[in-house]
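Participant: Before we start, here is the structure in question, set down as structure tokens.
There are 2 protein chains.
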Amino acid sequence: MIIPFNKPYMTGNETRYIEEAVAVGKISGDGMFSKKSSEFLEQKYGFKKCLLTTSCTDALEMAAILIDIKEGDEVIMPSYTFVSTANAFVLHGAKLVFCDSRIDHPGMDESKIEALITKKTKAIVPVHYAGVACDMDMIMSIANKYGLYVIEDAAHAIDSFYNDKEGTQKPLGSIGHLAAFSFHETKNIISGEGGMLVINDEKFIKRAEIIREKGTNRSAFFRGEIDKYGWVDIGSSFLPSDIIAAFLLAQLENIDNIQSKRKEIWNQYYDGLISLEKDGLLKLPSIPDFATNNAHMFYLCCDSLEQRNMLIQTLKEKGIFSVFHYLSLHSSEFYKDKHGDRQLEYADFYTDRILRLPLYYELTSDQIHLIISTIRSIFYK
Amino acid sequence: MIIPFNKPYMTGNETRYIEEAVAVGKISGDGMFSKKSSEFLEQKYGFKKCLLTTSCTDALEMAAILIDIKEGDEVIMPSYTFVSTANAFVLHGAKLVFCDSRIDHPGMDESKIEALITKKTKAIVPVHYAGVACDMDMIMSIANKYGLYVIEDAAHAIDSFYNDKEGTQKPLGSIGHLAAFSFHETKNIISGEGGMLVINDEKFIKRAEIIREKGTNRSAFFRGEIDKYGWVDIGSSFLPSDIIAAFLLAQLENIDNIQSKRKEIWNQYYDGLISLEKDGLLKLPSIPDFATNNAHMFYLCCDSLEQRNMLIQTLKEKGIFSVFHYLSLHSSEFYKDKHGDRQLEYADFYTDRILRLPLYYELTSDQIHLIISTIRSIFYK
């Protein structure tokens, strides 16, 4: 038996919706299914405006353009993140100021942000690693104090929440000025490649529509607000095909079912492996009080790089595919010289230690049991 | 009866291939169908390397990054083109130097290029308007003389050719250093939104793979050339979902059938409307000797803006949807001040006069007949 790390899953209506899109006569961007998907997400999570994009990367690039990133602007973000968080801003000339991870979690250490702020700082980009919230009260309060933008990298964070200090539960992606989501095939809700920009600060809506439409005021034209449209700003083609949106809508309509299944899998892993943590052999994911778990990812935090390599190899020999995750960006070939010599010990710590286990809708209870027992048998011979 | 301007069409295998992609377990970028589509195009047209992208815009942006466009570099392109031709370079700091259209065709006037070259010129971007080749011998010879890059904007130009001075027929997109194609729903071969970068100069291949993979050397890693991959360059997420590539492959496998049908429609229009040209009422598309016709577009070149408006309106009243096309970019709100006061009379001429008629696979002979007779009845009362 082979258990892949990931396996995309169809809920049933995906190809029927694609056929409908063709029949309706529009499969380019912002067709019927793009509208339905955006409205679904706006209604379910109270996002002010959702704009589908071809990837989370593209949503982050739109954000960089919207906050007008220019040569020399500084952007604070975790080092332990995907390259896209960084590229989106680097492409527009930003200098990245990397923040270390928390001791208890790969997310960025909110207490270390303020010390990184300079007169050139323009934005903070918290990444909700594994769908687990950063401390958004703390981040928003720092941002307000210094007049900075907050762009939530919510690539992992669909259907996850932050419990604020007043006890209100807020959907991730609804708190910063802007937020970016991913529908990549490894995410909870998928469309192969795909993403979404969420706009919470209304002042960005009009320009976002223009930038997304290759710098033209075509959206306003179709709403009848202007009588002809033309080139008015920079922009690109950030719109996904309505084929992608049709696939996505089928997924979204099943989100409650998908989430409940993923949480079941996550809990089965947790219960089956918690003794390893209790016995001091490795750590399981820790979720701060202010965060919820959307079961995006189940990871082990290994004791060492050697332990992780051994686990990957041993699992692979049994047909089970587990994978490591990010490499600290401050240590990357591309950025190490630009970063300087500031140490980020926890970012490097997680670089060497995180191991992700298979987690997908069609993973069976027997398969999870096999993965758990294989891992346990490595430690308890 | 309503005849839309465009109607997407499925050849039959589109959703079956999408289901296959899901079953194979990979619907993110560069899956099985991305490889098959790229190989199909490389083999059919002799392109050195094809990389699918989420849009032609994205392919042009990759080209801008690959030729290392920097603040102040000048890029020569037609004014009568889609905003994406321009945006891709503007986003990276280029100054656009717009070239006028030909007298006989909306494509750029090759004889006017050389006078626009300065020490800052870095590239020429010919646009093969309506799939009709620019004079590539002339353009390549100017580029060679001044050491410039040539990026073919082949958005309209799939399956179209250039007859060079030695009598060789070369596929459009195979001549410049780089070329960009579109698979937008209005094109001959469609995937809703979608595009492709063609690399003819091998020196760009390695970096193109990196830029497309968010600036990582992941492609080399998967080929086993390096033992781990990381962030090595700028980049973005230019890869389309394999869902899109699956849809595209089904289309590509029917390209000969699609092309033959489109040419039939084009010829029916031409034969039915040629008397209007002979009678001096308006003009039909003209195709230079060095170019072929891929039946991407059938357009009328009206006598005046008023005549065009009248035709659009009258056709609309009969349920027939015709559309105008580009607005000169040198006159756009975004660029008019940057362009200066250099007149581009033919770009403005086509802005006011081009009228595109419905042209899609499922357009029936009866419908074409109705469109022709409606237009004829306007002129020959």
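So the protein sequences, as listed, match chains U and Y.
Each residue of the first sequence is one higher than the one before, counting from 0 in numbering that gives the first Met the number 0.
Each residue of the second sequence is one higher than the one before, counting from 0 in numbering that gives the first Met the number 0.
Idealized CB from N, CA, C, for every residue including glycine.
(1) Evaluate contact between the segment 236-247 of chain U and the segment 180-195 of chain Y, counting only Cβ atoms and requiring at least three cross-stretch pairs below 8 Å.
(2) For Gly24 of chain U, which residues in chain Y fall below 7 Å Cβ to Cβ?
(3) Measure the C-alpha to C-alpha separation of Tyr359 of chain U and Ile264 of chain U and round it to an integer number of angstroms.
(4) What does the alpha-carbon distance come out to for the pair Leu177 of chain Y and Pro287 of chain Y?
(5) Determine the contact status of Phe323 of chain Y and Leu314 of chain Y, defining contact as a CB-CB distance below 9 Å.
(6) Counting pairs of Cβ atoms below 8 Å between the segment 13-30 of chain U and the segment 12-30 of chain Y, do you hit three or more?
(7) On a CA-only basis, which of Y:Cys301, Y:Leu328, Y:Ser173 and Y:Asp72 is nearest Asn162 of chain Y? Give me that one, please.
(8) Chain Y partners of Thr10 of chain U, CB-CB under 9 Å?
(9) Can you tell me the Cβ-Cβ gap for Ala122 of chain U and Ala87 of chain U, rounded? I've got them flagged as a contact below 8 Å.
(10) From the beta carbon of Thr215 of chain U, is the nearest beta carbon of chain Y less than 9 Å away?
(11) If I'm right that His155 of chain Y touches Ala114 of chain Y with Cβ under 8 Å, what's the distance once you round it to whole angstroms?
(12) Using the rule of at least 16 other Cβ atoms within 10 Å of the residue's Cβ for burial, across every protein chain shown, is Arg341 of chain U buried or exposed?
(13) Could you work out which residues of chain Y lie near Leu343 of chain U, taking near to mean beta carbons separated by less than 7 Å?
(14) Does chain Y have any CB closer than 9 Å to the CB of Tyr148 of chain U?
(15) I'd like to know whether the C-beta of Tyr334 of chain Y is nearer than 9 Å to at least one C-beta of chain U.
(16) Going along chain Y, which residues have a C-beta under 7 Å from Phe246 of chain U?
(17) Compile a chain-ordered list of the residues in the segment 246-265 of chain Y whose CB is closer than 8 Å to at least one CB of chain U.
(18) Count the C-beta pairs between the segment 220-228 of chain U and the segment 246-258 of chain U that are closer than 8 Å, then say yes if the count reaches three, no if not.
(19) Between which two residues does the alpha helix (DSSP H) holding Lys34 of chain U run?
(20) Under 8 Å between beta-carbons, which chain U residues line up against Ile123 of chain Y? List them in chain order, please.
(21) Does the distance from the CB of Gln258 of chain Y to the CB of Ala290 of chain Y come in under 9 Å?
(22) Compare the beta carbon distance of Val131 of chain U and Asp152 of chain U with 9 Å and say whether it is the shorter of the two.
(23) Between the segment 130-144 of chain Y and the segment 43-63 of chain Y, can you find at least three pairs of beta-carbon atoms closer than 8 Å?
(24) Report yes if the CB atom of Thr363 of chain U is closer than 9 Å to the CB atom of Ser327 of chain U, and no otherwise.
(25) Touching or not, the segment 18-33 of chain U and the segment 363-377 of chain U, by the rule of three or more beta carbon pairs under 8 Å?
(26) Quick one: what's got a C-beta closer than 6 Å to Ser33 of chain U's C-beta in the same chain, skipping five residues either side?
(27) Are the beta-carbon atoms of Lys94 of chain U and Lys119 of chain U separated by less than 9 Å?
(28) Could you work out which residues of chain U lie near Asn86 of chain Y, taking near to mean beta carbons separated by less than 7 Å?
(29) For the beta strand (DSSP E) holding Lys121 of chain Y, just list the boundary residues, first then last.
(30) From the beta carbon of His183 of chain U, is the nearest beta carbon of chain Y less than 9 Å away?
(31) For Glu361 of chain Y, which residues from the same chain have a beta carbon less than 7 Å from its beta carbon, with the 5 sequence-adjacent residues on both sides left out?
(32) Near Phe297 of chain Y, what residues of its chain come up, given a Cβ to Cβ distance below 6 Å and the 5 sequence neighbours on each side ignored?
(33) Using a Cβ-Cβ cut-off of less than 7 Å, list which residues of the segment 49-66 of chain U approach chain Y; keep chain order.
(34) What does Thr14 of chain U reach in chain Y if we use C-beta pairs closer than 8 Å?
(35) Taking Gly318 of chain U as the query, report the chain Y residues whose CB atoms sit under 8 Å from its CB, ordered along the chain.
(36) Using the Cβ count rule (16 or more neighbours within 10 Å means buried), how would you classify Glu60 of chain Y?
Facilitator: With the given structure in hand:
(1) yes
(2) Neighbours of Gly24 of chain U in chain Y, taken as residues whose beta carbon is under 7 Å from its own, are Pro3, Lys6 and Pro7 in chain order.
(3) 8 Å
(4) 23 Å
(5) no
(6) yes
(7) Considering only alpha carbons, the answer is Y:Ser173.
(8) Under the 9 Å cutoff, chain Y gives no residues; its nearest Cβ is about 11 Å from Thr10 of chain U.
(9) That pair is no contact at about 11 Å.
(10) yes
(11) A Cβ-Cβ separation of about 26 Å leaves His155 of chain Y out of contact with Ala114 of chain Y under the 8 Å criterion.
(12) An exposed status is given to Arg341 of chain U, since fewer than 16 other beta-carbon atoms sit within 10 Å of its beta-carbon.
(13) Result: empty, since nearest Cβ-Cβ is about 15 Å, beyond 7 Å.
(14) Chain Y contact via Cβ: absent.
(15) yes
(16) Ile242
(17) Using a CB distance below 8 Å, the part of the segment 246-265 of chain Y facing chain U consists of Phe246, ordered along the chain.
(18) no
(19) Met31 to Tyr44
(20) Simply none; closest approach about 21 Å.
(21) no
(22) Result no, Cβ atoms of Val131 of chain U and Asp152 of chain U do not sit closer than 9 Å.
(23) no
(24) no
(25) No, they do not touch.
(26) Leu51, Asp241 and Ala244
(27) yes
(28) Lys213, Gly214, Ile233, Gly234 and Ser235
(29) Thr120 to Ile123
(30) yes
(31) Lys6 and Tyr8
(32) Trp265, Tyr268, Leu356 and Leu358
(33) Thr53, Ser54, Thr56, Asp57 and Glu60
(34) By Cβ distance, chain Y contributes Thr14, Ile17 and Glu18.
(35) Within 8 Å Cβ-Cβ: nothing; Gly318 of chain U doesn't reach chain Y, min ~14 Å.
(36) Under this definition Glu60 of chain Y is a buried residue.
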